[in-house]
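Participant: Residue numbers for the sequence shown follow numbering that gives the first Met the number 0, beginning at 0 and rising by one. Quick one: this structure, given as C-alpha cells, is what I'll be asking you about.
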Amino acid sequence: MPIQHSPPARQNRSLARDQAILTPTPRAPLDGTTAVPQLRTHFGRSSTIQEGRKRITSKGPGEEKEKDSVEEEESDGTEGAPAPVGASQGIGRPTPAQSYQAVSHQSEPSLLAIMQQMTQIIANLQAASSSESSRPPAFKTQSMKAPECFDGTHPIKVISFIQSCQLIFHNDPENFSQERKQLLYATSFFIGRSAKWIEPYLSNLTNQDPSHLLNSWKLFESQLFTLFGDPKEVREAEAELDSLRMKEGGHVSLYIANFRSLVSRIGDWGERALINHLRKGFSSRISDQLASHPSRIDSLQYLMDITLELDTRYHERQKDKKDHQQKKPEASIFFKLKSKEEEFSEEGQSPFSFIE
Numbered sequence: 000m001p002i003q004h005s006p007p008a009r010q011n012r013s014l015a016r017d018q019a020i021l022t023p024t025p026r027a028p029l030d031g032t033t034a035v036p037q038l039r040t041h042f043g044r045s046s047t048i049q050e051g052r053k054r055i056t057s058k059g060p061g062e063e064k065e066k067d068s069v070e071e072e073e074s075d076g077t078e079g080a081p082a083p084v085g086a087s088q089g090i091g092r093p094t095p096a097q098s099y100q101a102v103s104h105q106s107e108p109s110l111l112a113i114m115q116q117m118t119q120i121i122a123n124l125q126a127a128s129s130s131e132s133s134r135p136p137a138f139k140t141q142s143m144k145a146p147e148c149f150d151g152t153h154p155i156k157v158i159s160f161i162q163s164c165q166l167i168f169h170n171d172p173e174n175f176s177q178e179r180k181q182l183l184y185a186t187s188f189f190i191g192r193s194a195k196w197i198e199p200y201l202s203n204l205t206n207q208d209p210s211h212l213l214n215s216w217k218l219f220e221s222q223l224f225t226l227f228g229d230p231k232e233v234r235e236a237e238a239e240l241d242s243l244r245m246k247e248g249g250h251v252s253l254y255i256a257n258f259r260s261l262v263s264r265i266g267d268w269g270e271r272a273l274i275n276h277l278r279k280g281f282s283s284r285i286s287d288q289l290a291s292h293p294s295r296i297d298s299l300q301y302l303m304d305i306t307l308e309l310d311t312r313y314h315e316r317q318k319d320k321k322d323h324q325q326k327k328p329e330a331s332i333f334f335k336l337k338s339k340e341e342e343f344s345e346e347g348q349s350p351f352s353f354i355e
C-alpha cells in the first residue's frame, strides 16, 4: 500500500520546529547538487532532514537501500557517543526532557568549578576577617592644629610652641616614636632667627652623637629656653619653684599641678634635680611616709604617682573619721540617759518620775 504524502503546510511546520531545536551547519554535497543544511543534535548525531523526510515519505524500488544509507549517515561521526533515549525504538529526535538533561550534564563541570571558586573566596575572606579581628584596633583621633611658626623674636612664645609640639607627639605616638622625628618636625616651623640658628645642625644630620642637638629633645628644649626665652621670666620661675611648698592638710594633686606649671617655664633641669625639688616641698606627713619607702625613687613620674596614692588614702581616712564623729553624739546621748537611769535607780527614783 503506498504511503500517503503529508500536506506541504504540515511539512513546513515540522521543518521549522526541527530547525528551532537543532543548530544548522552547512555541509557540502558529495554529488555536486544543491547544498542541503546538515543539522546536529545535542548528542552529536547528524542527519539530513529534508533528504531523510523525502526518503521516508516516498517509497520506491530502492527503499530498503535508501533507509540503510540514511542510517549510515546518521551514525557517521557518532561512534562511541551515547545514543538518546528512545533511539532503539526508531525515535530520531530527542524529547525536551532529554535535551534539558543533556544541557545540564554539559554544564555540570562549569557549575562545579564556580562553586569551588566561591568556596575558596569565602575561606579567604574568613581568614582575612579573623586576622583583622585579632589585631588590636589602632588609636586614631582627629587631626590637631599644627604649631605656629616660631621666629624666636617673642620669648613668651617659646613655651606655647613647645607645648603645641608635645601635643602633636602624644596624639600620634606611632609616627613620632623617635626623638629625631620629633626634632625634625619641630624645626620645620622655624623661620627667621630660629631658622638661621638651626641651619648648621640640619646640615649635619648624619651625626649620631647623643650630645648633638637634633638627637635629644631635652637638649633641644633647654637650648630654646636659653637662646629665645625670657631670662627674667626663667629666673622668676626658678625662684617660685625653689620656694614652692605644699600646705599641711592640703592636696598633693594641687601641689604637683603648680610644680609642673613652673617646670614648663624653666626648661629641663634634669630628672634628679626635679625629684629633689619636688620632695623638698612636700608636707611633713608625706615626707615621713616617703622616708619609710623601701627603695630609692629615681623617677619623677613614679614619685608623683606614689605621693598621689598616699594622699588619697589619707583624705579617705579623714573623711571616715569625720563621718564617724558625726554619728558619735547620738551614741553619747544614749549613754548619758543610761547612766542617769542608773543614778536614779540607786536613789530609788525613776528618771521619768517628773512626767507623773
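C-beta: ideal position from N, C-alpha, C; glycine also. Because the structure is a prediction, the values reported are computed rather than measured.
#1: Less than 6 Å between C-beta atoms, sequence neighbours within five positions excluded: which residues of the same chain meet that for LEU273?
#2: Pull up the DSSP beta-bridge partners for PHE149, would you.
#3: So is TYR254 buried or exposed if we call it buried at 16+ other beta carbons inside 10 Å?
#4: Please classify ASP304 as buried or exposed, where buried requires at least 16 neighbouring CB atoms within 10 angstroms.
#5: State yes or no: is the C-beta of MET143 within less than 8 Å of the C-beta of ILE161?
#6: Would you identify the three-state DSSP class for GLU315, choosing helix, strand or coil?
#7: Using 8 Å for Cβ pairs, my map puts THR205 next to VAL251. What's the rounded Cβ distance?
#8: Measuring straight from C-alpha to C-alpha, what distance separates TYR200 and ARG295?
#9: For LEU240, tell me which candidate among PHE258, THR225, LEU226 and PRO230 has the shortest Cα-Cα distance.
#10: Restricting to Cα atoms, I'd like to know which of GLY151, GLY269 and LYS180 is closest to LYS195.
#11: Go through its chain and collect everything with a Cβ distance to LYS326's Cβ below 6 Å, but skip five positions before and after it.
#12: Taking C-beta to C-beta, are GLN222 and LEU212 nearer than 8 Å?
#13: May I ask you to report which of helix, strand or coil DSSP gives MET245?
#14: Indicate whether LYS321 and SER282 have their beta-carbon atoms separated by less than 8 Å.
#15: Less than 8 Å between the C-beta atoms of ASP267 and GLU220, yes or no?
#16: Are the Cβ atoms of PHE227 and PRO146 separated by less than 8 Å?
#17: With distances taken from CA atoms, which of MET114, LEU277, SER202 and ARG264 is nearest LYS156?
#18: Which whole-angstrom value describes the C-beta separation of GLN288 and LEU302, a residue pair presumed to lie in contact below a C-beta threshold of 8 Å?
#19: If you drop the 5 nearest sequence neighbours on each side, which residues of the same chain put their C-beta closer than 6 Å to that of GLU237?
#20: Going along the chain, which unbroken runs of the alpha helix (DSSP H) with 4 or more residues stay wholly within the stretch 285–315?
#21: Am I right that PHE189 and PHE149 are in contact with their C-beta atoms under 8 Å? What's the rounded C-beta distance?
#22: When you compare only the Cα positions, how much space is there between LEU183 and LEU277?
#23: CA-CA distance, SER193 and ASP297?
#24: Kindly indicate which three-state DSSP category PHE160 falls into: helix, strand or coil?
#25: Cα separation between ARG244 and GLU198?
#26: Note down the Cα distance separating ILE120 from SER109, rounded to an integer number of angstroms.
#27: Do you know whose CA, among SER159, GLN116 and HIS169, lies nearest SER260's CA?
#28: Between PRO230 and ARG316, what straight-line distance do the alpha-carbon atoms span, to the nearest angstrom?
#29: For ARG312, which option in ILE285, GLU270, ALA112 and ALA122 has the closest C-alpha, if you only look at C-alpha atoms?
#30: First and last residue of the alpha helix (DSSP H) that includes GLU173?
#31: Report whether the distance from the Cβ of THR186 to the nearest heavy atom of the ligand PLP is below 7 Å.
#32: Identify whether LYS144 lies in helix, strand or coil by the three-state DSSP scheme.
Facilitator: Considering the structure as presented:
#1: Excluding positions up to five away in sequence, the list reads LEU299.
#2: As a beta-bridge residue in DSSP terms, PHE149 pairs with PHE189.
#3: Counting Cβ neighbours within 10 Å, TYR254 comes out buried, since at least 16 surround it.
#4: Exposed, because fewer than 16 other Cβ atoms sit within 10 Å of the Cβ of ASP304.
#5: With contacts defined as CB atoms closer than 8 Å, MET143 and ILE161 fail to qualify as a contacting pair.
#6: In the structure shown, the three-state DSSP call for GLU315 is helix.
#7: Rounded to the nearest angstrom, the Cβ distance from THR205 to VAL251 is 46 Å, too far for a contact under 8 Å.
#8: The straight-line gap from Cα to Cα measures roughly 38 Å.
#9: Closest option to LEU240, Cα to Cα, is PHE258.
#10: LYS195 has its Cα closest to that of GLY151, out of GLY151, GLY269 and LYS180.
#11: Around LYS326: no qualifying Cβ.
#12: Between GLN222 and LEU212, the CB-CB gap stays under 8 Å.
#13: Coil, per DSSP.
#14: Not in contact: LYS321 and SER282 (Cβ atoms no closer than 8 Å).
#15: Result yes, Cβ atoms of ASP267 and GLU220 sit closer than 8 Å.
#16: A distance of 8 Å or more separates the beta carbons of PHE227 and PRO146.
#17: Looking at the Cα atoms, ARG264 is the closest of the given residues.
#18: That belief does not hold up - the Cβ atoms of GLN288 and LEU302 are roughly 12 Å apart, past 8 Å.
#19: These residues qualify, in order along the chain: ILE265.
#20: Listed in chain order, nothing qualifies, since the stretch 285–315 has no complete alpha helix (DSSP H) run of 4 or more residues.
#21: That belief holds up - the Cβ atoms of PHE189 and PHE149 are roughly 6 Å apart, short of 8 Å.
#22: Computed Cα separation, rounded: 32 Å.
#23: Cα-Cα distance, rounded: 35 Å.
#24: Correct three-state label for PHE160: helix.
#25: As the crow flies, the alpha-carbon of ARG244 is around 42 Å from that of GLU198.
#26: ILE120 and SER109: Cα-Cα distance of roughly 17 Å.
#27: Ranking the options by Cα distance to SER260, first place goes to SER159.
#28: Here the alpha carbon of PRO230 sits roughly 45 Å from the alpha carbon of ARG316.
#29: ILE285 is the residue among ILE285, GLU270, ALA112 and ALA122 whose C-alpha sits nearest the C-alpha of ARG312.
#30: No alpha helix (DSSP H) contains GLU173, which DSSP labels as neither H nor E.
#31: No copy of the ligand PLP occurs in the structure displayed, which carries no ligand at all.
#32: In this structure, LYS144 counts as coil in the three-state DSSP scheme.
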